[in-house]
Amino acid sequence: MKVLSFCPSSAVSVSLPNLIIFFITYHIRKLESAQFSVTGPGHPVTAVVGEAIVLPCHLSPRMSAESMEVRWFRSEFLSFVHLYQHGKDQYGQQMPDYHGRTELLKAGITDGNVSLQIFNIRRSDEGQYHCFVQDGPFYEEALLELKIADFFFPRVNPWIVALSVILLVLFVCFIGLTVYLFNMKGKHLGEIRKRDTKISKCCALFSNNENFIQICLLMFYFLNEKNMNALMLHHYHQLELCLWFQRV
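Quick note on numbering: the sequence shown equals residues 1 to 248 in full-length UniProt numbering.
The structure is reproduced here in structure tokens:
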């Protein structure tokens, strides 16, 4: 529990009896005052641009905060985001960027709920917020952090993003493999057509002899394309080779 100081900054001499009286009075007032702490969510709050968000904050133990001062501010105490004081909202020194965009949720204020709602979230709203509650000379505060999520991936857990990336990579690999197999199939069909053409030419060359045709087919399957082309261009040499195969 923190206590506000009402002593002037200048140095003063205090006698021992007065000092004792001061501590006794302070102790009595502390006992009479409600004891509480201010608790936030304990983790960053995520919002999306254009939406509304609630910054959670409550007193512990639960007690009414109707008669307390509730101040939400960023970095400067006096320039506040929202101020509830003397039982009503105060807008005198509110930051211009938050005019008309804040509301203290009073439905649960009797139970110690002092959460703040911010409407029409902007990118500039990202950062730290202080939830400050004061009861007489005593006060406590909690520090919250507001994060603005990307518009295309609002409130997405990291594991979902990782899974999406993995699925995308697998999909791309599948498409690539499909295209590769399709190209290989086309290439294979082209080779088959080319082979059939060469076989037809070979058969036409030796059309007068059925045995030569069979030998020609055997040559085509067992000889590589380069040798086959050479044989096709020099049909006389092919004829001699076929006769040799026939004798063997």
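Note that CB positions come from ideal geometry on N, CA and C, so glycine has one too.
query: Is the Cβ-Cβ distance between Glu66 and Gly100 less than 8 angstroms?; result: no
query: If you draw a straight line from the alpha carbon of Gly92 to that of Val81, how long is it in whole angstroms?; result: 11 angstroms
query: Answer yes or no: do Phe132 and Arg62 have a C-beta to C-beta separation smaller than 8 angstroms?; result: no
query: Quick check: Pro41 and Pro56, are their CB atoms within less than 8 angstroms of each other?; result: yes
query: What did DSSP end up calling His82 once you bin it into helix, strand or coil?; result: strand
query: How about the stretch 100-110 and the stretch 118-127: do they share at least three Cβ pairs that are nearer than 8 angstroms?; result: yes
query: Could you spell out where the beta strand (DSSP E) holding Tyr91 opens and where it closes?; result: No beta strand (DSSP E) contains Tyr91, which DSSP labels as neither H nor E.
query: Determine the burial state of Gln94: buried for a count of at least 16 other Cβ atoms within 10 Å of its Cβ, exposed for fewer.; result: buried
query: Find out if the Cβ-Cβ distance for the pair Val38, Glu145 is shorter than 8 angstroms.; result: no
query: Where does Val161 sit, in a helix, a strand or coil, going by DSSP?; result: helix
query: With DSSP as the reference, label Ile28 as helix, strand or coil.; result: Note that Ile28 scores a pLDDT of 46, beneath 50, so its modelled location is shaky and nothing firm can be said.
query: So, with DSSP's three-state summary, where would you put Leu144?; result: strand
query: Check for me: the beta strand (DSSP E) holding Ser60 runs from which residue to which?; result: 58-60
query: Considering only residues of the same chain and omitting the five flanking positions on each side of Gly176, which have a CB-CB separation below 6 angstroms?; result: none
query: Taking only the alpha-carbon atoms, compute the straight-line gap between Ser60 and Gly112 and give it to the nearest angstrom.; result: 7 angstroms
query: From the DSSP output, read off the bridge partner residues of Asn113.; result: His58
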